[in-house]
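See below for the structure under consideration.
Residue numbers (the working numbering): 2 to 153.
Okay, structure coming up:
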């Protein structure tokens, strides 16, 4: 089993909670944008944002990966609804909330201070083509980690 660590260092373990999802099948680009959108929010605020994204009521602004994306009034620029990432992020927020309760913190006071998406391993796949040929392609998996800190 490989060894892994959180990418953020020097945490005060008495005031922080951590959670991560490993090797999930979502877009690494949209995962990065969702992680950027939830930094600075409390757990209930982030959960509400993810539920609104799944219901396609609120958009996530796309800052880096936004070429040929339509501008929207809601985000004041390029944006979209990364529903698949939002569903996985809800699971991650549930885990973060459970870890906060286990440590004795009030989940409403936990502010997300770090959220990151990292590329995981690639799964080599093949697409059948005409005349018995096949074209290779890679499916990119993602690691997502979230760290929250008690404020107040």
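Ideal placement from N, C-alpha and C gives every residue a C-beta, glycine not left out.
{"Check": "Given that a residue counts as buried once 16 or more other Cβ atoms are within 10 Å of its Cβ, and exposed if not, what is residue 72?", "Outcome": "exposed"}
{"Check": "Is it buried or exposed for residue 17, if we count other Cβ within 10 angstroms and need 16 for buried?", "Outcome": "buried"}
{"Check": "Could you tell me which of 133, 45, 139 sits nearest to residue 121, measuring between CA atoms?", "Outcome": "139"}
{"Check": "Helix, strand or coil: which one does DSSP assign to residue 1?", "Outcome": "Residue 1 lies beyond the range of the chain shown here (2 to 153); nothing can be said about it."}
{"Check": "Out of 38, 66, 20, which has the shortest C-alpha to C-alpha gap to residue 54?", "Outcome": "38"}
{"Check": "Go ahead and pull the three-state DSSP assignment for residue 123.", "Outcome": "strand"}
{"Check": "Exposed or buried, residue 89, counting other C-beta atoms within 10 Å across all chains shown (16 or more means buried)?", "Outcome": "buried"}
{"Check": "When we look at the beta-carbon of residue 81 and count the other beta-carbons within 10 Å, is it buried (16 or more) or exposed?", "Outcome": "buried"}
{"Check": "Give every residue of the same chain whose Cβ lies closer than 6 Å to the Cβ of residue 25, excluding the five residues on either side of it in the sequence, and list them in chain order.", "Outcome": "89, 143"}
{"Check": "How big is the Cα-Cα spacing for residue 11 and residue 27?", "Outcome": "29 Å"}
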